[in-house]
Amino acid sequence: MSIVAGDRAPAFKLPASQGRTVSSAALKGKPYVLYFYPKADTSGCTKEACAFQEALPQLGKLGLEVIGVSRDPVKALDKFAEKYGLAFPLASDEEGSLTDAYGVWVEKSMYGKKYMGIERSTFLVGADGKVKRVWPKVKVDGHAAEVLAAAKE
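Under the numbering used here, the sequence shown has 157 at position 129, and the numbering climbs by one with no breaks.
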């Protein structure tokens, strides 16, 4: 993990679900949650996205934007968002600039095979543009509630 609490959040501008574009410039002066997930419409990623969707009203009351990021193409993200009623933007980082900048594109291993993929991670960025909290190697169960609790601190 190359980004730690206290670091300036890397700048970004990415296409997102529902014809949107998300950028750090547009978020200037606002706190936000950036969560990285491996693949749209897989069981863990669906569970995590739905939990953030459920927490959206409370996060919104705190002025927090939520953005999910994967390397999926926008078309797949649109289907995923529509299927589960996800109101927050899902950003497409197909070229990997943001996943690289945050250090979440890592070597993984499954059944003895090594491959590159996104390590499920979440970053809470303050209105000052600095990373307030980092959750590496996220376990999905209870994670959105944990992020909400940290945002209230």
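Cβ coordinates follow ideal geometry from the N, Cα and C atoms, glycine included.
Presumed contact (8 Å Cβ cut-off) between residue i and residue j, rounded CB distance
i    : j    : result
L42  : V61  : 15 Å between Cβ atoms; not a contact.
L152 : A179 : 6 Å
Three-state secondary structure (DSSP) of residue i
i    : result
F151 : strand
V102 : helix
E110 : helix
G145 : strand
L126 : helix
A119 : strand
E174 : helix
G96  : strand
Contact set for residue i: own chain, Cβ-Cβ below 8 Å, skip 5 residues either direction
i    : result
L124 : A quick correction: the sequence has Gly, not Leu, at residue 124. Closer than 8 Å at the Cβ level, and outside the excluded window around G124, lie R99, W133.
Contact set for residue i: own chain, Cβ-Cβ below 7 Å, skip 5 residues either direction
i    : result
A109 : S45, Q46, L118
V166 : R148, S149, T150
First and last residue of the uninterrupted beta strand (DSSP E) at residue i
i    : result
L42  : 41-43
K160 : 159-163
K182 : The requested residue 182 does not occur in the structure, where the chain is confined to residues 29 to 181.
First through last residue of the alpha helix (DSSP H) which encompasses residue i
i   : result
G72 : 71-89
Beta-carbon proximity check, residue i vs residue j, cutoff 8 Å
i    : j   : result
S52  : A37 : yes
Y112 : A83 : no
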